[in-house]
Amino acid sequence: MMVYAKVNGIDVKLFHGAKLKHALLKADERFYYSVVKHGSTIRDQEGNHVDIMGAVDKGFCYTVDPVLDRET
1 MMVYAKVNGI
11 DVKLFHGAKL
21 KHALLKADER
31 FYYSVVKHGS
41 TIRDQEGNHV
51 DIMGAVDKGF
61 CYTVDPVLDR
71 ET
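Below, the structure written as structure tokens:
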């Protein structure tokens, strides 16, 4: 079973049970590094702060803010 979601407007297709970490890496590695290395936040479509190890919800949209380059 597949789960579809969006990260910063980018459609991602993941296996059921995937974590937000997987969605960020699939959409754009900069999103993952922004959260892990720089402490950027992930919010769902309702504005709730979500953890990178949380499950991806079917049809949800997630936003990483700010997005920073890996090297900075």
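So the sequence shown is residues 1 to 72, counted in full-length UniProt numbering. Heads up, the beta-carbon is just placed ideally off N, CA and C, and yes, glycines get one too.
Asked, Found
"Pick from 48, 67 and 40 that is closest to residue 60, judged by C-alpha positions", "48"
"Three-way DSSP call (helix, strand, coil) for residue 15 in this model", "strand"
"Check: residue 15 C-beta below 7 angstroms from any heavy atom of the ligand NAD", "In the structure shown, the ligand NAD is absent, as is every other ligand, since no ligand is present at all."
"Pairwise C-alpha distance: residue 64 and residue 44", "9 angstroms"
"Terminal residues of the alpha helix (DSSP H) in which residue 36 lies", "29 to 36"
"Cβ-based burial, residue 26 [other Cβ within 10 Å; buried from 16]", "buried"
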